[in-house]
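Engineer:
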């Protein structure tokens with residue numbers, strides 16, 4: 004089922020902070036070992052993410068600006084799987100297929116936490132759908148018992164409600 008097949012449901016994610024969910028409420032997701040499809044993209048860094056990343060990495064080596072926004076750079080990788088057509092993937096994707104930030108610091112930028120979901124702001128309210136590309140490429144869709152709607156706080160950091168533009172579809 005794609006996001007277009009679901010109806011809208013209002014869900015309280017944090018006290019007083021709701022999201023309008025536009026995906027099947029039975030959707031499950033769990034990252035699966037060796038699947039690094041989402042890591043082939045440059046990662047958008049919201050201001051809070053940028054500050055958090057500064058505590059964990061060399062920003063001059065790991066980030067770039069594009070259209071006035073900060074992103075984790077993409078770099079060429081010595082692997083054939085789950086890299087973009089140009090052979091590049093996220094700076095923090097290690098050769099063992101793990102994310103350096105998550106594996107070594109137990110931390111993810113907001114954009115990574117949100118995946119496979121997409122967040123947009125419409126009429127002042129946060130709307131959450133699934134990324135169309137996730138249905139095409141991500142191996143973690145509907146393979147576990149972890150219902151996304153029951154774990155929205157793990158996918159949607161509370162920081163998203165403070166942003167003027169939490170849209171996650173912006174890419175490097």
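In the working numbering, the protein residues as written are 4 to 175. Virtual Cβ for every residue (Gly too), placed ideally from N, Cα, C.
#1: Alpha carbon to alpha carbon, how far is residue 73 from residue 57? Give it in angstroms, no decimals.
#2: Decide if residue 25 is buried, meaning its Cβ has at least 16 other Cβ atoms within 10 Å, or exposed.
#3: So what does DSSP say about residue 114, is it helix, strand or coil?
#4: I'd like the list of long-range same chain contacts for residue 142, defined as Cβ closer than 8 angstroms, with 5 residues on each side in sequence excluded.
#5: Roughly how many angstroms separate the alpha carbons of residue 128 and residue 144, rounded to a whole number?
#6: Per DSSP, which one or two residues make a beta bridge with residue 48?
#7: Look up residue 137 in the DSSP assignment and say whether it is helix, strand or coil.
#8: Please state the DSSP three-state secondary structure of residue 148.
#9: Taking contact to mean at least 3 C-beta pairs separated by less than 8 angstroms, is the region 101 to 116 in contact with the region 57 to 71?
Structural biologist: The structure says:
#1: Note on geometry: alpha-carbon atoms of residue 57 and residue 73 lie some 12 angstroms from one another.
#2: It counts as buried.
#3: Of the three classes helix, strand and coil, the one that applies to residue 114 here is helix, per DSSP.
#4: The residues are 35, 38, 40.
#5: So the alpha carbons of these two residues sit roughly 25 angstroms apart.
#6: Answer by DSSP bridge pairing, in chain order: 73.
#7: Looking at residue 137 - three-state DSSP - the assignment turns out to be helix.
#8: Reduced to three states, the DSSP call for residue 148 is coil.
#9: The answer is yes - the region 57 to 71 touches the region 101 to 116, with three or more Cβ pairs under 8 angstroms.
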